[in-house]
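In the working numbering, the protein residues as written are 7 to 226.
First comes the structure, then the notes that go with it.
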Ligand code: E4P
């Protein structure tokens, strides 16, 4: 499973990117608003060092406006992906952009039927929101499983981005459920490599090492 970072914060992305763990980035209007910076500047800075797909979302709700924004955003970097909402207008724009070879990410997907439509419209990526479904007591991970089965059955090339990821279990379950990608908040990723037994294990090794005679240790 590929790792995307779900953030507009460049420092968070750089921290994880240096570990070779960033396969792409997703943003949305809320994440961009948090940064208090110019949208284009944020996307241009991220695409200057992230090699994989970087999603930038349109604001328009009419297909015509979405397409106008998409044409502009697509000039910002070769790896930029146009993120569009799962609406009738969004599907139309997705289809138009896919005919032009422009990559798209259909967002705010909450049912398998919506995901299937996005795939058939030519979406490159589909983003089912796991956490927000869990919030309303619907099993978000089941949607990932169902959608993966549908895409595989009909050989639809769209990739599933498990989105609205809230915790470590979501990441593990998304991988098991067959998500091609999980987009993970920048603040959550460092918790993925942490484990209390790792920390206490290191502590014990270092303590035991103190009892090894100095001349039995390699020179430091
Ligand atoms: C997906 O691309 C969205 O940016 C994101 O995952 C939304 O997550 P949230 O429900 O935590 O806002």
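Glycine residues also receive a C-beta, built at the ideal position from the N, C-alpha and C atoms.
All values reported here derive from a predicted model rather than from experimental measurement.
Check, Outcome
"Comparing alpha-carbon positions, which option in 79, 83, 124 lies nearest residue 91?", "124"
"Please check if any C-beta of chain C sits within less than 7 Å of the C-beta of residue 100.", "Checking the listed chains, one finds no chain C in this structure; it contains a single protein chain."
"Check whether the Cβ atoms of residue 136 and residue 186 lie closer than 7 Å to each other.", "no"
"Taking the alpha helix (DSSP H) that residue 206 falls in, what are its first and last residues?", "202–215"
"Let me make sure I understand the geometry here. Which of 129, 89, 141, 117 has the alpha-carbon closest to that of residue 151?", "117"
"Check for me: the alpha helix (DSSP H) holding residue 104 runs from which residue to which?", "94–105"
"So residue 61 packs on residue 93, CB below 8 Å; how close in whole Å?", "That pair is no contact at about 17 Å."
"In whole angstroms, what separates the C-alpha of residue 46 from that of residue 206?", "44 Å"
"Short check: CB of residue 157 to CB of residue 134, under 7 Å?", "no"
"Scan the stretch 142–184 and note each continuous beta strand (DSSP E) run of 3 residues or more that stays entirely inside, going in chain order.", "165–168"
"Quick check on residue 140: does DSSP put it in helix, strand or coil?", "helix"
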